[in-house]
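Undergrad: Encoded as structure tokens, here's the structure I'll be asking about.
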Amino acid sequence: MKTSTAFALLAIIPVAILGIALASSHGDAAGPQGSSPAQAAQYLPTISDMMIATIQPRHVRLWQAEQNRNWEFAAYELGNLRGAFKRLGEAHPAEHDISFHEMIATVTDQPFKALDTAINSKDEIGFSKAYADLTEGCNSCYQALNRGIVAIRVPSSTSISDQDFTPATP
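Going by my numbering, the first residue of the sequence shown is number 1151, and it counts up by one from there.
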């Protein structure tokens, strides 16, 4: 009996030490202010982060879907793009004293409606025009926010990127 009790104690001691070490290291990781997990979860991606991580990939995927005449996927990706723009406007309601949510709506509402119509009717020409209008709307936002160095384009068949990296002409 004494051997099993001693064995149990020897097994419990490392577990207790590990628990104490983990608890104290969690406090150190929180920093001098002792941030709570709720505070750490308040990270808000920048507009640029959200554009690069959510908007631009969906913009490209929408175009790729139409290029492959995959109208069902185009409709799906248009819904994703709408949702991403909505979340962007909710996360950043204003930028440079401009209602960012309203700016987004102004440049996306009409092209989104036209894209819906083109996708539903499988209209390649209508899609191309609406997609170009949406792309131009994106560029008008960058201009209005003094970010004209960013230029979005309709992707070409030779590139999977929708960003135009050529310098703007003065």
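Using N, Cα and C, we set each Cβ at its ideal position, and we do this for glycine too.
So, MET1200 versus ALA1241, is the Cβ gap smaller than 8 Å?
TA: Contact flag set, yes.
Undergrad: Take the Cβ of TYR1193 as the centre, count every other Cβ of all protein chains shown within 10 Å, and call the residue buried at 16 or more, exposed below.
TA: exposed
Undergrad: According to DSSP, which residues form a beta bridge with SER1271?
TA: Answer is none; SER1271 lacks a bridge partner.
Undergrad: Closest by CA to ILE1275, which one among ALA1203, GLN1217, PRO1207 and THR1196?
TA: GLN1217
Undergrad: Would you kindly work out how many angstroms separate the C-alpha atoms of ARG1303 and PHE1223, rounded to a whole number?
TA: 21 Å
Undergrad: Under 6 Å Cβ to Cβ from LEU1284, same chain only, skipping five residues before and after it: list those, please.
TA: PRO1261
Undergrad: Excluding the five sequence neighbours on either side, which residues of its own chain have a C-beta within less than 7 Å of the C-beta of ILE1254, listed in chain order?
TA: Sequence-distant Cβ neighbours of ILE1254 in its own chain, meaning closer than 7 Å and more than five residues away, are PHE1235, LEU1238 and GLY1239.
Undergrad: From the DSSP secondary-structure annotation, give me the bridge partner or partners of GLU1245.
TA: GLU1245 is bridged to ILE1248.
Undergrad: In the DSSP assignment, find the alpha helix (DSSP H) that holds ILE1197 and state where it starts and stops.
TA: Its alpha helix (DSSP H) spans residues 1197-1200.
Undergrad: According to DSSP, is ILE1205 part of a helix, a strand, or is it coil?
TA: helix
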